[in-house]
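Visitor: Numbering (this note's numbering), first residue to last: 10 to 104. For each residue, glycine too, the CB sits at the ideal point set by N, CA and C.
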Amino acid sequence: MPDPLNFITALAVIALSGVDRPEAAKIVDGAVEFLLWEQQANGLWRYWAETNEQSGFTPADTDDTACCSLAIAARGHKTAANVPLLLANRDPRGR
Numbered sequence: 010m011p012d013p014l015n016f017i018t019a020l021a022v023i024a025l026s027g028v029d030r031p032e033a034a035k036i037v038d039g040a041v042e043f044l045l046w047e048q049q050a051n052g053l054w055r056y057w058a059e060t061n062e063q064s065g066f067t068p069a070d071t072d073d074t075a076c077c078s079l080a081i082a083a084r085g086h087k088t089a090a091n092v093p094l095l096l097a098n099r100d101p102r103g104r
């Protein structure tokens, strides 16, 4: 069962995406499905999963959304809905 933290689940997917072993692929596939389920209607993610009692205390944010977007992209899923938010969170030098 995936960790009830979206952020940690996303990091695991990113770490295992390039591993050419059946068990890694199974973990990645399951974790990506979990992240797709956790994605909010506006394309964003929060740190805590919905099943975690802490979920309501933290809003969706940029770092969780960026990591989860990268993770689901590992299996070909698009995340265009959250691009405006990610682009809006830059400093004056574009970082």
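So, is Leu-53 buried or exposed, given that buried needs 16 or more other C-beta atoms within 10 angstroms?
Guide: Classification of Leu-53: buried, given that the 10 Å Cβ count is 16 or more.
Visitor: Within the same chain, show all residues whose beta-carbon is closer than 6 Å to that of Leu-94, passing over the 5 residues directly before and after it, in chain order.
Guide: So no residue of the chain qualifies.
Visitor: Which residues in the same chain have their Cβ closer than 6 Å to the Cβ of Ser-64, if we skip the five residues on either side of it in sequence?
Guide: Around Ser-64: Trp-57.
Visitor: Three-state secondary structure (DSSP) at Leu-14?
Guide: Note: Leu-14 maps to strand in three-state DSSP.
Visitor: Taking 7 Å as the limit between beta carbons, can you name the residues of its chain near Thr-67, skipping five residues before and five after?
Guide: Only Arg-55, Tyr-56, Trp-57 meet the Cβ criterion.
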